[in-house]
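Student:
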Amino acid sequence: MPHPSGYHSRHAEEPTTTITIREVVYDPLEIEVNSEHRSGSPFLRASCVTLLVFFICGLAGFLGVFIGRSLYMSLPPKVTYVVVDRRDPSHIATTISPVFTPEVQYWAPQIAQWAQDYNLDPNLIATVIQIESCGDPTVGSSAGAQGLFQVMPFHFAVGENMTDVQTNAMRGLTYLAQGLQKADGNAGLALAGYNGGHGVISWGWARWPDETRRYFYWGMGIYEDATNGKDTSARLQEWLQAGGSSLCQRAAATQQTLHAS
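Counting from 641, one number per residue, gives the positions in the sequence shown under the numbering used here.
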């Protein structure tokens with residue numbers, strides 16, 4: 641499937657990264673003493689203990705600063721998001737932004753209904769459709785993802801038609817809504833979780849796979865343009881030039897066939 645930069649949806653948990661720290665076999669506080677001092681100098685032993693305590697405290701302080709800075713640098717860019725509240729439907733848009741391609745606009749009535757059914761921003765739904773299938777309900781990826789929302793087969797019940805639009809939407813949007821809840825309403829993290837599995841939501845940018853980083857880059861750029869009232873999206877145009885246009889050409893051909901039938 642011609643996704644830009646090798647995109648394929650994989651709603652599977654990524655393996656946990658294990659960091660192994662090399663064991664220290666040389667003690668920098670070890671000093672050369674003769675056998676007499678080793679066997680009977682309380683002052684020397686006390687001095688060594690004092691130096692060891694100071695060294696450990698200093699090392700702990702350095703590691704604390706280093707680890708804290710690393711964790712901070714691993715966080716994705718800070719963005720302010722509006723959390724949609726089910727108790728206040730007025731916060732939910734009723735139409736999608738004009739920034740999306742005609743192949744996504746084709747599904748505008750269904751997107752509006754799905755937004756109400758799953759309490760999701762229609763522009764977030766449209767963003768997922770844009771970069772997953774560009775509106776082609778028949779497309780499949782080499783990883784096995786299927787349909788409009790590129791849902792992996794293990795999300796479906798036995799006997800379900802994976803490319804049926806409503807079934808595909810139910811499985812895909814349920815997963816998206818769950819990710820948004822896990823991310824405390826953070827749309828960017830929810831998009832990352834949709835691509836890489838919900839586990840990546842808590843990982844931080846530094847541990848995300850390259851594919852998930854690209855997905856976040858495309859998705860959040862398009863979504864922000866859509867929610868900021870723009871008529872066009874520079875990020876969407878960039879996505880099209882990176883290979884998304886071929887996906888949309890296929891979607892347009894599929895939609896012509898659907899319309900004719």
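We put the beta carbon where it would ideally sit given N, CA and C, even for glycine.
Note that this is a predicted model, so its numbers are computed, not measured.
Taking Cβ to Cβ, would you say I736 is nearer than 9 Å to I751?
Tutor: Here residue 736 refers to the residue found at position 96 when the sequence shown is read from its first residue. Here residue 751 refers to the residue found at position 111 when the sequence shown is read from its first residue. Yes.
Student: So C774 packs on A891, CB below 8 Å; how close in whole Å?
Tutor: Looking up residue 774 in the sequence shown gives position 134. Looking up residue 891 in the sequence shown gives position 251. So it is a contact: roughly 4 Å between Cβ atoms.
Student: DSSP three-state label for V744, please.
Tutor: Translated into positions along the sequence shown, residue 744 becomes position 104. Three-state DSSP puts V744 in a helix.
Student: Checking 9 Å against the spacing of the C-beta atoms, do I765 and L820 come in under that value?
Tutor: In the sequence shown, residue 765 corresponds to position 125, counting from 1. In the sequence shown, residue 820 corresponds to position 180, counting from 1. No.
Student: Might you give, ordered along the chain, the residues of its own chain that have their beta carbon closer than 7 Å to the beta carbon of V664, omitting 5 neighbours on each side?
Tutor: By 1-based counting over the sequence shown, the position of residue 664 is 24. Reliability fails at V664, whose pLDDT of 27 lies under 50, so the model's placement of it is uncertain and no value is given.
Student: Given a cut-off of 9 Å on the beta-carbon distance, is the pair Y863 and L813 in contact?
Tutor: Indexing the sequence shown from 1 puts residue 863 at position 223. Indexing the sequence shown from 1 puts residue 813 at position 173. Taking 9 Å as the Cβ cut-off, Y863 and L813 do not qualify as a contacting pair.
Student: Please report the straight-line C-alpha distance between P742 and N763, rounded to a whole angstrom.
Tutor: Start at 1 with the first residue of the sequence shown, and residue 742 comes out as number 102. Start at 1 with the first residue of the sequence shown, and residue 763 comes out as number 123. Going by the C-alpha atoms only, they are around 14 Å apart.
Student: Measure from the alpha carbon of T849 to the alpha carbon of each residue in D865, A832, G859, G784, then state which is nearest.
Tutor: Here residue 849 refers to the residue found at position 209 of the sequence shown. The question names Thr, but residue 849 in the sequence shown is Pro. The candidate whose alpha carbon is nearest that of P849 is A832.
Student: Have a look at the DSSP bridge pairing and note the partners of Q786.
Tutor: Reading the sequence shown from its first residue, position 146 is the one you call residue 786. Note: Q786 sits in a beta bridge opposite G780, V791.
Student: Who are the near neighbours of E800 in its chain, counting only those whose CB is closer than 6 Å to its CB and skipping five residues on each side?
Tutor: Within the sequence shown, the letter at position 160 stands for residue 800. The residues are T807.
Student: Quick check on the burial criterion: 16 or more other C-beta atoms within 10 angstroms. Buried or exposed for V779?
Tutor: Taking the sequence shown and counting its residues from 1, one reaches residue 779 at position 139. V779 is buried by the Cβ-count criterion.
Student: Between the alpha carbons of W754 and R811, how many angstroms are there, rounded?
Tutor: On the sequence shown, position 114 is the one that residue 754 refers to. On the sequence shown, position 171 is the one that residue 811 refers to. W754 and R811: Cα-Cα distance of roughly 12 Å.
Student: Assign T734 to one of two classes, buried (16 or more other C-beta atoms within 10 Å of its C-beta) or exposed (fewer than that).
Tutor: Sequence index remark: in the sequence shown, residue 734 carries index 94 (1-based). Per the 10 Å Cβ criterion, exposed.
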